[in-house]
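**Student:** The structure follows.
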Amino acid sequence: MIEDPYKILGVSPQATDEEIKAAYRKLAKQYHPDRNPGDAEAAKKMQQINAAYEQIKNPEKAARNGGGQGYGGQSYGGYDPFGGFNPFGGGYAGGQTRQDSQQGQYHRAAEQYIRFGRYQEALNALQFAPEKDARWYYLSALANDGLGNQVTALEHIKRAVSMEPDNAQYLYTLERIQGGGSTYRQQAGNFRGFTMGASPCASLCMCYALQMCCCRGRIFCC
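In structure tokens:
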């Protein structure tokens, strides 16, 4: 946990929600990787800003996640839009309903496609999701941004933010897309310099994962 998240954002503990959001957005613009390519210190500062905001807005979640340690520097020039989430690991479903479990499967499949720059496949996976929640609009925004569909990307990330206004990931992504984010799109196909096209094994794994959640084990051709 961060000892004083308010100090990181430069606000007082008595600050209003709007003041906290404004401070976060100002710092995100200043330190995000698009404006500081290759700057390790800026990337570290951005991680602290994200973790501080998350700790203030969602203290219980931040405590469970170890104070926002999920905000890694794994992709997107030091910013991982999935918070270091492993699509093939646990998460989302837990002991929730079957629909929530299915929703999480489609989200994970879309995330994996986005990580490797396969944006149309990500949108295809999202079409199978039972409902369009905030995460759905967030992922759709990333995929559409990768395809160059800026109008749809901006519309969908705004929708995600409206549904979860305190989500740091969504707010940060909104700032990036509104700012043009050409570097963001160029980097969106990479994950630590490793592309899907460079690994047949990774392609097969992802096809299998999507087959299991979309086709319930039936033969599926990627």
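The number in our numbering is simply the position in the sequence shown, starting from 1, with 81 added.
Heads up, the beta-carbon is just placed ideally off N, CA and C, and yes, glycines get one too.
Values in this document were obtained by computation on a predicted structure and should not be read as measured data.
By the three-class DSSP mapping on this structure, what secondary structure does T254 have?
**Tutor:** Here residue 254 refers to the residue found at position 173 when the sequence shown is read from its first residue. Correct three-state label for T254: helix.
**Student:** Decide yes or no for the touch test of the stretch 213 to 220 against the stretch 236 to 245: beta carbon pairs closer than 8 Å, at least 3 of them.
**Tutor:** These segments touch.
**Student:** Need the endpoints of the alpha helix (DSSP H) that S101 sits in, please.
**Tutor:** Mapped onto the sequence shown, residue 101 falls at position 20. A small fix is needed here, since residue 101 is Ile in this sequence, not Ser. Per DSSP, I101 belongs to the alpha helix (DSSP H) from 98 to 112.
**Student:** Between which two residues does the alpha helix (DSSP H) carrying A93 extend?
**Tutor:** To locate residue 93, count along the sequence shown from 1; it is residue 12. Reading off the sequence, residue 93 comes out as Ser, not Ala. That residue, S93, is in no alpha helix (DSSP H); it is neither H nor E in DSSP.
**Student:** G198: buried (16+ other C-beta within 10 angstroms of its C-beta) or exposed?
**Tutor:** Translated into the one-based positions of the sequence shown, residue 198 becomes position 117. Looking at its Cβ environment, which holds 16 or more other Cβ atoms inside 10 Å, G198 is buried.
**Student:** Looking at the secondary structure, which residues open and close the alpha helix (DSSP H) in which K126 lies?
**Tutor:** Residue numbering aside, residue 126 sits at position 45 when the sequence shown is read from its first letter. Segment 121 to 138, the alpha helix (DSSP H) holding K126.
**Student:** Which residue wins for smallest C-alpha separation from G229, given the options Q193, K213, P140, Q259?
**Tutor:** Here residue 229 refers to the residue found at position 148 when the sequence shown is read from its first residue. With distances taken between Cα atoms, G229 lies closest to Q259.
**Student:** Over the uninterrupted alpha helix (DSSP H) stretch that includes I83, give me the two end residues.
**Tutor:** Along the sequence shown, read from residue 1 onward, the residue named residue 83 stands at position 2. No alpha helix (DSSP H) contains I83, which DSSP labels as neither H nor E.
**Student:** Taking the alpha-carbon positions, what's the R106 to Y112 distance?
**Tutor:** Residue numbering aside, residue 106 sits at position 25 when the sequence shown is read from its first letter. Residue numbering aside, residue 112 sits at position 31 when the sequence shown is read from its first letter. If you take the alpha carbons of R106 and Y112, they lie about 10 Å apart.
**Student:** What's the C-alpha gap between T233 and Y194?
**Tutor:** The residue labelled residue 233 in the question sits at position 152 within the sequence shown. The residue labelled residue 194 in the question sits at position 113 within the sequence shown. So the alpha carbons of these two residues sit roughly 18 Å apart.
**Student:** For R199, which three-state DSSP category applies?
**Tutor:** Here residue 199 refers to the residue found at position 118 when the sequence shown is read from its first residue. Secondary structure at R199: coil, using DSSP grouped into helix, strand and coil.
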